[in-house]
Amino acid sequence: MDGNGVMVCAPLECETLEGMLSSMDRAKAHGADLVELRVDAMSFGRISEVEELIRRRTLPAIVSFRLNSTRASQRQNDKTTCLQVLRLALELDVEFVEMEHEVVSHFDINELMDKRSSSKIIVSRYLNGEKMSKEKLGNLIASMQSSGGDVIKVLVEVDYITDLAPIFQLLTSCQVPLIATTVGDRGLISQLLGPKFGGFLAYGSLEGAIPGLPTLASLKQVYKIEHMNADTKVFGVISNPVRHSKGPLLHNPSFRYVGFNGIYVPMLVDDIKEFFKVYNSQDFAGFSVGIPHKEAAGACCDEVHPLAKSIGAVNTIVRRPTDGKLIGYNTDCEASITAIEDALRERHAANGEARAMDTSPIAGKAFVLVGAGGAGRALAFGAKSRGARVFVFNRNFKRAKALADAVSGEAIGYEHLDTFRPEEGMILANASAVGMEPHTDESPVSKGVLGAYELVFDAVYTPRNTRLLQEAAQAGAIAVSGVEMFIRQALNQFRLFTSGLGILFLNTHTLHSFLFPYGYPDFSTLD
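The working numbering numbers the first residue of the sequence shown as 1136 and each following residue consecutively.
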């Protein structure tokens, strides 16, 4: 597929000249196409330091100076300094010189504009807390364009991911090159999807410490946004929080492996119903559903697969290409139960124990489940289907009771989890978020009780080896990581994502071998 050749820009904010130069070298090593030198962040005593920075640049650059930035506001004569910097950048023929709309509107910059040789002028505006419809944004950009800019840039604060919709619409229809960037984690997809809708460039940070910006490494290595175009289909994981999700690390290389023009991105969603109301075009083709939306997701679908309906949780939604309807599925159930079954069969085989292959190794066992949310429901229904006896523990007893009743199991007060030991050789499954990063020192049960379990499964996969699993292994139990469930359910999701789009899907084993030739990585160490 042909991409749109979008540039990736690294914003640099360093106090010293050497810091700027060092960061520029690192940005170049990480694949940046250009850098934005935010001179207002520098503590320089003489304009000659800025001149040295510009002359020693190792990448094409945008030179900017924000009048209202925190550091600039601490200095006197900000406007004078700003004009000095911009004039110098134009004289030195920097590739791009960014001027705030305020500068363009309140100063006579004709002289500056006349001085440029090949420099392109970016006129920018920071919309701090302003709610903007597509129409208002369009009027603003028309006003900014009339000031003589070659490129328009807007920096927008967003409260919800749905606030980005008018920006995507404007990127598609704008008649001038447009840069749109946002503040905050809910705006992350503005940089990941901007190139699809016609954005002039995308920003990526060096360390990932800037909310709302992906890292340079992820833009270049995971998302490969340079290959995106208007026909790219959008997939993503809907969750809150969403930073822990490693779905992009699996789905994006899978799309490329089968030659499909798609991108999979993290979507921090607060209101799932509003999300689907706003992002209702065929461009948004499929979704993984995570915490805390799995139970609410079914109501957003036009149709729900019988298994997902019986479980009461949807973790996969596909927009049917023929009519645009949303179809809900659950791939968690089989993924989690088969991971447990395979681990048990492997241990039994290693011990020379003969077991009937047509009977599940969890049949008849006590299946102790912690958590009654979407993942917990999938585990409970899966365990019931295999003939296990399900015991549900949840901090909210009413939710535990409702789930236990649905699978003919038993709900027990959460405070009794450490003392519950009706038999030996039980199975423990953690479907809560206890132990997930950053709370890696936590475990849902005490170490001393783990000897009663033959197998312990933890749906948490960041980190891969949770405290619960470490202590379970020390107690002699089979420890099964949530990575097993994650990989299995994601591969089944991928089949659903691509099955109706004319993709010749290779079998799961082939794709699995491509993605993990050396075994599963520790997803907690990957960006």
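No residue lacks a Cβ here, since even glycine has one placed at the ideal position from N, Cα and C. Because the structure is a prediction, the values reported are computed rather than measured.
Where residue i falls, given that 16 or more other Cβ within 10 Å makes a residue buried
i            : result
residue 1088 : With the chain running from 1136 to 1662 in the structure shown, residue 1088 is simply not present.
residue 1146 : buried
residue 1150 : exposed
residue 1490 : exposed
residue 1441 : exposed
residue 1556 : exposed
residue 1458 : exposed
residue 1573 : exposed
residue 1190 : exposed
residue 1233 : buried
residue 1210 : Here the model assigns residue 1210 a pLDDT of 48, short of 50, so the residue's position is not dependable and the matter cannot be decided.
residue 1517 : buried
residue 1157 : exposed
residue 1381 : buried
residue 1456 : exposed
residue 1137 : Any answer about residue 1137 is weak, because its pLDDT of 46 lies below 50 and its placement is not dependable; what the coordinates show is given next. So residue 1137 counts as exposed.
residue 1294 : exposed
residue 1155 : buried
residue 1270 : exposed
residue 1529 : buried
residue 1177 : buried
residue 1624 : buried
residue 1141 : buried
residue 1168 : buried
residue 1281 : exposed
Beta bridge counterpart(s) of residue i as assigned by DSSP
i            : result
residue 1231 : 1197, 1255
residue 1463 : 1439, 1452
residue 1313 : 1287
residue 1363 : Its beta-bridge partners do not exist; DSSP assigns none.
residue 1146 : 1171
residue 1398 : 1369
residue 1403 : 1374
residue 1545 : 1526
residue 1292 : 1318
residue 1424 : 1373
residue 1350 : 1340
residue 1503 : 1526, 1563
residue 1419 : 1369
residue 1534 : Bridge partners of residue 1534: none, in fact.
residue 1622 : Answer is none; residue 1622 lacks a bridge partner.
residue 1614 : 1591
residue 1358 : Per DSSP, none; premise fails for residue 1358.
residue 1260 : 1289
Residue i vs residue j beta-carbon contact at 8 Å
i            : j            : result
residue 1566 : residue 1522 : no
residue 1465 : residue 1427 : no
residue 1413 : residue 1433 : no
residue 1571 : residue 1501 : no
residue 1513 : residue 1471 : yes
residue 1252 : residue 1285 : no
residue 1200 : residue 1170 : no
residue 1290 : residue 1261 : yes
residue 1306 : residue 1329 : yes
residue 1360 : residue 1327 : yes
residue 1526 : residue 1503 : yes
residue 1148 : residue 1202 : no
residue 1296 : residue 1404 : yes
residue 1540 : residue 1510 : no
residue 1198 : residue 1172 : yes
residue 1332 : residue 1314 : no
residue 1352 : residue 1165 : yes
residue 1446 : residue 1453 : no
residue 1430 : residue 1508 : yes
residue 1599 : residue 1581 : no
residue 1578 : residue 1584 : no
residue 1292 : residue 1263 : yes
residue 1283 : residue 1302 : no
Residue i Cβ short of 7 Å to the ligand PLP heavy atom set
i            : result
residue 1197 : Annotation note on the ligand PLP: not contained in the displayed structure, which lists no ligands.
Exercise. Looking at C-beta atoms only, is the number of pairs between the stretch 1310-1324 and the stretch 1434-1452 that lie closer than 8 Å three or more?
Worked result: no
**Asked** Contact between the stretch 1355-1374 and the stretch 1390-1405: three or more CB pairs below 8 Å?
**Response** yes
Could you check whether the stretch 1541-1560 touches the stretch 1612-1631, counting it as contact only if at least three pairs of C-beta atoms, one from each stretch, sit closer than 8 Å?
no
Q. Do the stretch 1379-1396 and the stretch 1181-1195 touch if we need at least three Cβ pairs shorter than 8 Å?
A. no
Stretch pair the stretch 1582-1592 + the stretch 1602-1610: three plus CB contacts closer than 8 Å:
yes
#### Entry: Length at least 3, wholly inside the stretch 1549-1608: the beta strand (DSSP E) runs in chain order
1561-1565, 1588-1593
Inset, instruction - For the stretch 1403-1411 and the stretch 1337-1350, state whether three or more C-beta atom pairs, one from each stretch, are separated by less than 8 Å. - result: In short, these stretches do not touch, since the Cβ pair count stays below three.
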